[in-house]
Amino acid sequence: MIGPDATSDHLPEGLQFGGELPPDLDPLAEGILMKHQREWLEDDSDLKLGEKGRRTGITFAEALDDALLAAKARSAGGMNVFYIGDTKDKGREFVGYVAHFARIVGGELVSIEEYMFEDQQADGSTRLISAFRVQFASGFRVEALSSRPENIRGLQGKVVIDEAAFHKNVREVLDAVNALLIWGGKIVVISTHNGVLNPFNELILEAKAGKVPFKLHFIPFQKAIDNGLYRRVCLQQRKTWTKDGEIEWERTIRSSYGVRTSAMQQELDCIPAESEGAALTRVQIESCMAADIPIVRWVLPDSFKNEPEEARKAAAKDFCDRELQPILEKLDPNLRHVFGEDFARTGDAADTLVLEIGSDLTRRAVLLLELRNVPFDQQRDVLFYVIDRLPRRGGRLDATGNGAYIAEAAALRYGACVVEVKLSAEWYRLNSPPYIEAFSDRTVLLPKHDDVLRDHQALSYVGGVIKVPDNYRFKGTDGFPRHGDSAIAGILAYAASRADYWEAGYRSPSTDGARDDGPSDDDEARDWWRQPLGAGLRGGL
Numbered sequence: 000m001i002g003p004d005a006t007s008d009h010l011p012e013g014l015q016f017g018g019e020l021p022p023d024l025d026p027l028a029e030g031i032l033m034k035h036q037r038e039w040l041e042d043d044s045d046l047k048l049g050e051k052g053r054r055t056g057i058t059f060a061e062a063l064d065d066a067l068l069a070a071k072a073r074s075a076g077g078m079n080v081f082y083i084g085d086t087k088d089k090g091r092e093f094v095g096y097v098a099h100f101a102r103i104v105g106g107e108l109v110s111i112e113e114y115m116f117e118d119q120q121a122d123g124s125t126r127l128i129s130a131f132r133v134q135f136a137s138g139f140r141v142e143a144l145s146s147r148p149e150n151i152r153g154l155q156g157k158v159v160i161d162e163a164a165f166h167k168n169v170r171e172v173l174d175a176v177n178a179l180l181i182w183g184g185k186i187v188v189i190s191t192h193n194g195v196l197n198p199f200n201e202l203i204l205e206a207k208a209g210k211v212p213f214k215l216h217f218i219p220f221q222k223a224i225d226n227g228l229y230r231r232v233c234l235q236q237r238k239t240w241t242k243d244g245e246i247e248w249e250r251t252i253r254s255s256y257g258v259r260t261s262a263m264q265q266e267l268d269c270i271p272a273e274s275e276g277a278a279l280t281r282v283q284i285e286s287c288m289a290a291d292i293p294i295v296r297w298v299l300p301d302s303f304k305n306e307p308e309e310a311r312k313a314a315a316k317d318f319c320d321r322e323l324q325p326i327l328e329k330l331d332p333n334l335r336h337v338f339g340e341d342f343a344r345t346g347d348a349a350d351t352l353v354l355e356i357g358s359d360l361t362r363r364a365v366l367l368l369e370l371r372n373v374p375f376d377q378q379r380d381v382l383f384y385v386i387d388r389l390p391r392r393g394g395r396l397d398a399t400g401n402g403a404y405i406a407e408a409a410a411l412r413y414g415a416c417v418v419e420v421k422l423s424a425e426w427y428r429l430n431s432p433p434y435i436e437a438f439s440d441r442t443v444l445l446p447k448h449d450d451v452l453r454d455h456q457a458l459s460y461v462g463g464v465i466k467v468p469d470n471y472r473f474k475g476t477d478g479f480p481r482h483g484d485s486a487i488a489g490i491l492a493y494a495a496s497r498a499d500y501w502e503a504g505y506r507s508p509s510t511d512g513a514r515d516d517g518p519s520d521d522d523e524a525r526d527w528w529r530q531p532l533g534a535g536l537r538g539g540l
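Okay, so the sequence shown: first residue is 0 according to numbering that gives the first Met the number 0, each after it adds one.
Dropping the structure here:
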């Protein structure tokens, strides 16, 4: 038994008090906790998932949270906490943190106790193993147990699984703790990565796809540095912080990995190793394709941009009435429709993919529109023609580079249901995994075409995110170059399908049977694409 006023100098060998924290360190003092640590503490979710780089301070923050939780009375929401690390040393360090925080923050006299825990085996037998705990005056305790899933079946409270990717079977551990939620327990999973095929990475992908209700926190090493990690290192080591010192400190840490770049990126940048390569197989893509989904293409010569404005506008209207209206008028007004547009002016195709969300939540493509060498104004005209005729609509538009013009115009015209997207590594990190998961679930259906297939085969892990590599090009069936255009449009459309807001409203029929938001034969005075949306109301469903 170790007294509450002990310091690391008085502890048994190997049992360090709070990881050798300064004895007077108050974690709630100004400037101690970093932003991501505060965000972690403020999140009271029952299911919490931390994807982190090494030594970013999340275990420290979790220990503080658990000390405060166990110190509460039952009437205030207090409960037991069971910490499951990947090593015995992690358990020692964690309960040391907890004891320190109980004394400094709560003013409570607690003890760290090493005891023998009766470990239940799969065959029903038991064995005694070493474990650690801190007992609080509230009657609750914080215990550090081994990582065997049998240990925690039947226990009640909060379970913290630390370095989950390095447990023998984190899936079994999760299965064992899920029952805790029935009686108001909590589950926290924290880890650095340990390979792209590791169950922890699979759990991350499922959380991003919305398959499991974990609240996800992303804490790479760089974020911790930006939030003041090196300043805290200097504080603990009683050094003076300088920017040059911080740069050199980070360089030393990263260079210590030598040529093992993938290991460095995995441990520091949250990029699972062996994650370079195709994100989808040909079989996965082809199983989510249908031959009856229309693809409409409009390719223009360079000379078209020099035509008079009225001629260009008339050509766009004629194309839309001839090629698009027969498709759009068949859309089910009772179903939600979303679109994603990957913009291009020259070289690649500007792809707009329209998805219909069925009652079974399958996203079925109803139109793939490809424009090549079409001037900006006519791309805008055609896009507005399509959006105007989408029932219960929502969309995402590529606002990167020149695409910002059309994306901004659409956002101004349609409001919150249309969102401008600056394509970035962070955006792909959050939005690509749900789209990829849809192919595994077969909850997305695309046009059956070789160009669409090859576009999606281009989706790869690049620097830990799923995207089309910047330098990737291939020649399509029409002889023109492609850059995974329909795949990017697909990710955008799928992201729109997961949004919480939609346009809803009543649209009265026009006298000639056409939608009242479309052009009328006798209204030549106004731009055809500026026709009013009808007597609709915008709001969330």
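For glycine and all other residues, C-beta sits at the position ideal for the given N, C-alpha and C. Please read all numbers here as calculations on a predicted model, not as lab measurements.
- In chain order, R388 place their CB closer than 6 Å to the CB of L327, counting only its own chain and leaving out the 5 sequence neighbours on each side.
- Cβ contact annotation for D469 (same chain, cutoff 6 Å, sequence separation greater than five): none.
- Per DSSP, A364 is not a residue of any alpha helix (DSSP H); the beta strand (DSSP E) it occupies stretches across 362–371.
- Counting along the chain, the unbroken beta strand (DSSP E) around D350 starts and ends at 349–356.
- In the three-state DSSP reduction, Y82 falls in the strand class (E or B).
- DSSP places D341 within a strand segment (E or B) once states are collapsed to three.
- Under DSSP, M288 shares a beta bridge with L445.
- Distance check between Q265 and each of V373, E50, L127 places E50 closest, using alpha-carbon atoms only.
- Distance check between A495 and each of I292, L452, N79, L354 places L354 closest, using alpha-carbon atoms only.
- Contact check for F116 against N79 fails: the beta carbons are separated by 8 Å or more.
- Under DSSP, P480 shares a beta bridge with K474.
- Here Y384 carries a helix assignment [DSSP, helix/strand/coil].
- Taking a cut-off of 8 Å for Cβ pairs, the region 272–284 and the region 334–354 do not touch, as fewer than three such pairs fall below it.
- In this structure, DSSP gives D317 a helical state, which the three-state scheme calls helix.
- With 16 or more other Cβ atoms inside 10 Å of its own Cβ, L382 counts as buried.
- Look at the beta carbons and you see the region 445–456 touching the region 475–489: at least three pairs across the two are nearer than 8 Å.
- One thing to note: K214 has its Cβ no nearer than 8 Å to the Cβ of L63.
- T58 carries a helical assignment under DSSP once its states are collapsed to helix, strand and coil.
- DSSP places H166 in the coil class of the three-state scheme, outside both helix and strand.
- Runs of the beta strand (DSSP E) spanning 3 or more residues and lying entirely within the region 403–439 occur at 417–420, in chain order.
- Assignment of beta-bridge partners to Q134 by DSSP yields R140.
- Taking one beta carbon from each stretch, the region 286–305 and the region 79–89 have fewer than 3 pairs nearer than 8 Å; the two do not touch.
- If you draw a straight line from the Cα of Q324 to the Cα of D397, it comes to about 24 Å.
- In this structure, V417 and G394 form a Cβ contact; the two beta carbons are roughly 5 Å apart against a cut-off of 8 Å.
- Taken through DSSP and simplified to helix, strand or coil, Y114 comes out as strand.
- Secondary structure note for S190: it is in no alpha helix (DSSP H), and the uninterrupted beta strand (DSSP E) holding it is 185–190.
- For F217, the CB contacts under 7 Å within the same chain, skipping 5 residues up- and downstream, are E50, C269 in chain order.
- Counting only runs of 4 or more residues that sit fully inside the region 203–243, the alpha helix (DSSP H) segments are 220–225, 228–236, in chain order.
- F438 is a Cβ neighbour of C287, given a cutoff of 8 Å.
- DSSP places G394 outside any alpha helix (DSSP H); the residue lies instead in the beta strand (DSSP E), whose first and last residues are 392–397.
- DSSP places A272 in the coil class of the three-state scheme, outside both helix and strand.
- Residue environment: F473 is assigned as exposed (fewer than 16 neighbouring CB atoms within 10 Å of its CB, all protein chains considered).
- For R37, the enclosing alpha helix (DSSP H) covers residues 34–41.
- Counted as a single uninterrupted DSSP element, the stretch harbouring D161 is not any alpha helix (DSSP H) but the beta strand (DSSP E) occupying residues 157–161.
- Here the alpha carbons of Y471 and A66 stand approximately 51 Å from one another.
- Looking at the DSSP output, G462 sits in no beta bridge, so it has no partner there.
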